[in-house]
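First comes the structure, then the notes that go with it.
Number of protein chains: 2
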Amino acid sequence: MIHMEPALPCAACPLRPLPDFKPVTPTELASIYDAKVGQRLCAAGATILAEGQVATRVYTLLKGWAFRFKTLEDGRRQILNFLLPGDLLGLQGELHAALPHGVEALTPVNLCAFGSDALPRFFSRHPSIALDITWLSAHEERLVDDVVLTVGRRTAMERVAALLVHLYKRAASAGLIETSGIQLPLTQMHIADALGLSVVHTNRVLQRLRKGGFIRLEDQRLSIGDLQAMRRVGRYWEEPAPRRPLL
Amino acid sequence: MIHMEPALPCAACPLRPLPDFKPVTPTELASIYDAKVGQRLCAAGATILAEGQVATRVYTLLKGWAFRFKTLEDGRRQILNFLLPGDLLGLQGELHAALPHGVEALTPVNLCAFGSDALPRFFSRHPSIALDITWLSAHEERLVDDVVLTVGRRTAMERVAALLVHLYKRAASAGLIETSGIQLPLTQMHIADALGLSVVHTNRVLQRLRKGGFIRLEDQRLSIGDLQAMRRVGRYWEEPAPRRPLL
DNA sequence: CGATTGGTTGAAAGTCGTCAACGGAGGTGG
DNA sequence: CCACCTCCGTTGACGACTTTCAACCAATCG
Chain A
1 MIHMEPALPC AACPLRPLPD FKPVTPTELA SIYDAKVGQR LCAAGATILA EGQVATRVYT
61 LLKGWAFRFK TLEDGRRQIL NFLLPGDLLG LQGELHAALP HGVEALTPVN LCAFGSDALP
121 RFFSRHPSIA LDITWLSAHE ERLVDDVVLT VGRRTAMERV AALLVHLYKR AASAGLIETS
181 GIQLPLTQMH IADALGLSVV HTNRVLQRLR KGGFIRLEDQ RLSIGDLQAM RRVGRYWEEP
241 APRRPLL
Chain B
1 MIHMEPALPC AACPLRPLPD FKPVTPTELA SIYDAKVGQR LCAAGATILA EGQVATRVYT
61 LLKGWAFRFK TLEDGRRQIL NFLLPGDLLG LQGELHAALP HGVEALTPVN LCAFGSDALP
121 RFFSRHPSIA LDITWLSAHE ERLVDDVVLT VGRRTAMERV AALLVHLYKR AASAGLIETS
181 GIQLPLTQMH IADALGLSVV HTNRVLQRLR KGGFIRLEDQ RLSIGDLQAM RRVGRYWEEP
241 APRRPLL
């Protein structure tokens, strides 16, 4: 289900006021709004970008959760990382070439769309925005680097713990924290596919974390009693991130 | 062992003539050379950039092999990807902040160094170069995405086969192909750390590939008899890459 | 109400890791 | 020139973390 909607003025963007995002100058804001060609809505579970598709747009995730993934021809799927509000998508592949990965919505999703000419325009006329885009790209690579470490060298228990802490913190940064936890719109299959595990084993590990009192997770709501304890379980310590740019 | 040497003129760069690299305009070439502050030599096995170190430079790998890695505090190490001539390094972390990963030389390595002001200067004055930098960054993310798929969803046999094919092709692109194969400056420990496997198991898989007649690998020389067969073993098919920019 | 999706649990099998030991090659110092 | 040491590759035995196969249940849905 794809809709195009009238563009929300960037000046009224609900994300910008969040403490995690870097302030922009009015000039930048105007240029960004100028490049925006519309918004797009996708239903939960919808394919936002198909693996192998030729992309002509770049998007910013305005609302909702999504994930990037790759599949092997026999169906094995690996989730590369999760996308939350503020994340850019479509940049990883080059425009006008087949996308090396797919993107799927986990919740109903709202995207800001930019035309394919936006990028070169930013680069030639708005160097500061171009630098921000590059920063976002490098930032995502850092996340994927972490995934490699997790999947390659952490045990199943460590992987699950690290992922939950990671998502918890990110959701919090995106302003998605609620009383006693966050909404975690993932099935156990998503967790398994993100961690290189089977669903069954993921389930068992989750049980252990629940029974150990580390997490409460039911009905898509996650709360973590003791974040430090969970970090220890997952051997997971992230570096503090500076305020991030928002396209 | 760190030496700074007089800078090789970019116009005389041995890499640029290779068919894999995108041509540059004389103006671009001049600007790049202008930003170059020197060269750096590292011995095989040397740490080029330490994990957690604050970097103040960006480098282009001019000659030799290296790899990026992360470690868990208990010593488990994961190699994120390998660096070959033409690759950029130091961009993934933000300048003037702790590097989230280390970089180590596999062979004697020759680097072109750029000062920390080079990036902002490119962005503000040479949009085309800035775009190239972003392309290189996105390209590396695609490589890491592939690593995630490999480590998360391929079997040990598939992982080894896919990695060998990948490195074989990259070495060929970098002009490192020789009669009957390439020089592969890795120990089995490197392969294991890149694939999330133990050294022992890596060894056994390598034996199977040798005995199956798929590869010849001895004394750091790798040759692959039937590339297509190896691709099938590794379920590994890459998309053709366009000519890449070289900073 | 049958079908589908997501979660859960048990049992069995297997891939892969750990522990240990050995051999060859290269490097160093006496 | 030869001990001695370290690095790297190799192999066997054993153990275990995970996967696969199966079945069952609850909730949702058209």
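If you read the sequences in order, they're chains A and B. Here UniProt numbering is used: the first residue of the first sequence is 1, the next is one more, and so on. Here UniProt numbering is used: the first residue of the second sequence is 1, the next is one more, and so on. Note that CB positions come from ideal geometry on N, CA and C, so glycine has one too.
Whole-number beta carbon distance between residue j and residue i, since they are thought to touch under 8 Å
i: L197 of chain B; j: R159 of chain B; result: 7 Å
i: A161 of chain B; j: V58 of chain B; result: The Cβ separation is near 34 Å, so there is no contact.
i: R231 of chain B; j: V165 of chain B; result: 6 Å
i: L247 of chain A; j: D132 of chain A; result: 7 Å
i: G93 of chain A; j: A55 of chain A; result: 6 Å
i: S128 of chain B; j: G181 of chain B; result: Not really, about 37 Å apart at Cβ, beyond 8 Å.
i: L217 of chain B; j: L206 of chain B; result: 7 Å
i: D87 of chain A; j: L61 of chain A; result: 5 Å
i: H101 of chain B; j: E51 of chain B; result: 6 Å
i: L80 of chain A; j: D145 of chain B; result: 5 Å
i: A130 of chain A; j: A171 of chain B; result: In fact, because the Cβ distance is near 32 Å, the residues do not count as touching under 8 Å.
i: T134 of chain B; j: T134 of chain A; result: 5 Å
Given residue i as reference, the closest of the options once Cα atoms are compared
i: A43 of chain A; options: A:G213, A:E104, A:S128, A:R68; result: A:E104
i: L91 of chain B; options: B:R68, B:L72, B:L176; result: B:R68
i: D74 of chain A; options: B:L163, B:R16, B:R153, B:G225; result: B:R153
i: R244 of chain A; options: A:S124, A:P19, A:C10; result: A:P19
i: R76 of chain B; options: A:D226, A:V199, A:A171, A:V148; result: A:V148
i: R125 of chain B; options: B:T187, B:R40, B:V24, B:E28; result: B:E28
i: G212 of chain B; options: B:E239, B:R16, B:M189, B:G225; result: B:G225
i: T202 of chain A; options: A:I215, A:S173, A:M157; result: A:M157
i: W65 of chain B; options: B:H139, B:S137, B:L84, B:G175; result: B:L84
i: L143 of chain A; options: A:G175, A:A46, A:A194, A:P14; result: A:A194
i: E37 of chain B; options: B:R221, B:C112, B:D219, B:R210; result: For clarity, residue 37 of chain B is Val in the given sequence; the question names Glu instead. The residue with the shortest Cα to Cα distance from V37 of chain B is B:C112.
i: K22 of chain A; options: A:R210, A:M189, A:V200, A:S173; result: A:S173
i: L163 of chain A; options: A:Q188, A:I177, A:T179; result: A:Q188
i: D8 of chain B; options: B:T25, B:A30, B:S137; result: Looking at the sequence shown, residue 8 of chain B is not Asp but Leu. L8 of chain B has its Cα closest to that of B:A30, out of B:T25, B:A30, B:S137.
i: H139 of chain B; options: B:E239, B:L15, B:Y33; result: B:E239
i: Q119 of chain A; options: A:Q39, A:E141, A:L89, A:N110; result: It should be noted that the sequence gives Leu, not Gln, for residue 119 of chain A. Closest option to L119 of chain A, Cα to Cα, is A:L89.
i: A35 of chain B; options: B:R121, B:I79, B:L15; result: B:R121
i: P17 of chain B; options: B:G175, B:F82, B:R221; result: B:G175
i: R40 of chain A; options: A:V24, A:P14, A:K63; result: A:K63
i: I191 of chain A; options: A:R210, A:F214, A:L167; result: A:L167
i: residue 274 of chain B; options: A:I177, A:I79, A:Y236; result: What the structure shows of chain B is the stretch from 1 to 247, and residue 274 of chain B is not part of that stretch, so it cannot be assessed.
i: R221 of chain A; options: A:L209, A:P185, A:V200; result: A:P185
i: D219 of chain A; options: A:P242, A:Q183, A:V199, A:D146; result: A:Q183
i: P108 of chain A; options: A:K169, A:A46, A:T25; result: A:A46
i: K169 of chain A; options: A:A241, A:A12, A:V24, A:P26; result: A:A241
i: D78 of chain A; options: A:R204, A:I32, A:V199; result: Reading off the sequence shown, one finds Gln at residue 78 of chain A, where the question assumed Asp. For Q78 of chain A, the nearest C-alpha among the options comes from A:V199.
i: L99 of chain A; options: B:N110, B:P14, B:F82, B:E141; result: B:E141
i: N110 of chain A; options: A:T179, A:P14, A:I32; result: A:P14
i: Y33 of chain A; options: A:C10, A:Q53, A:V24; result: A:C10
Residue(s) in a DSSP beta bridge with residue i
i: S223 of chain B; result: B:R216
i: A98 of chain A; result: A:V54
i: Q78 of chain B; result: B:K70
i: R244 of chain A; result: A:F21
i: Q183 of chain A; result: A:R221
i: L88 of chain B; result: B:T60
i: L8 of chain A; result: Looking at the DSSP assignment, L8 of chain A forms no beta bridge with any residue, so it has no partner.
i: residue 305 of chain B; result: No answer is possible for residue 305 of chain B: the residues shown for chain B start at 1 and end at 247.
Residue i beta carbon near the ligand NAD (any heavy atom closer than 7 Å)
i: V103 of chain A; result: Inclusion of the ligand NAD in the displayed structure is not the case, the ligand content being empty and no account of it being possible.
If you measure beta-carbon to beta-carbon, which residues of the stretch 144-171 of chain B are closer than 9 Å to chain A?
Residues passing the 9 Å Cβ filter: V144, D145, D146, V147, V148, L149, T150, V151, G152, R153, R154, E158.
Would you list, in sequence order, the uninterrupted beta strand (DSSP E) runs of no fewer than 3 residues that lie entirely inside the stretch 14-75 of chain A?
Entirely contained in the stretch 14-75 of chain A, the beta strand (DSSP E) runs reaching 3 residues are, in chain order, 36-42, 47-49, 58-63, 66-71.
Anything in the stretch 91-106 of chain B with a Cβ closer than 8 Å to a Cβ of chain A? List those residues in chain order, please.
The residues in question are L91, Q92, G93, E94, A97, A98, P100, H101.
Residues within the stretch 184-209 of chain A neighbouring chain B, beta-carbon criterion of under 9 Å:
Flagged, chain order: D193, A194, L195, G196, L197.
Along the stretch 27-40 of chain A, where does the CB come closer than 7 Å to a CB of chain B? Name the residues.
If the cut-off is 7 Å between Cβ atoms, the stretch 27-40 of chain A has nothing near chain B.
Could I get the ranges of all uninterrupted beta strand (DSSP E) runs contained in the stretch 100-181 of chain B, with 3 residues as the minimum, in chain order?
List check, beta strand (DSSP E) in window: 102-105, 109-114.
Of the residues that make up the stretch 71-88 of chain B, which ones have a beta carbon closer than 9 Å to any beta carbon in chain A?
Those residues of the stretch 71-88 of chain B that come within reach of chain A (Cβ to Cβ, closer than 9 Å) are T71, L72, E73, D74, R76, R77, Q78, I79, L80, N81.
Note down, in chain order, all residues in the stretch 124-135 of chain B with a beta-carbon under 9 Å from any beta-carbon belonging to chain A.
Taken in chain order, the members of the stretch 124-135 of chain B whose beta-carbon sits within less than 9 Å of a beta-carbon on chain A are S124, R125, P127, S128, A130, L131, I133, T134, W135.
Under 7 Å (Cβ pairs) to chain B, residues found in the stretch 39-61 of chain A
Near chain B, meaning a CB-to-CB distance below 7 Å, no residue of the stretch 39-61 of chain A qualifies.
Chain A contacts from the stretch 205-236 of chain B (Cβ-Cβ distance under 7 Å):
Answer set for the stretch 205-236 of chain B: R235.
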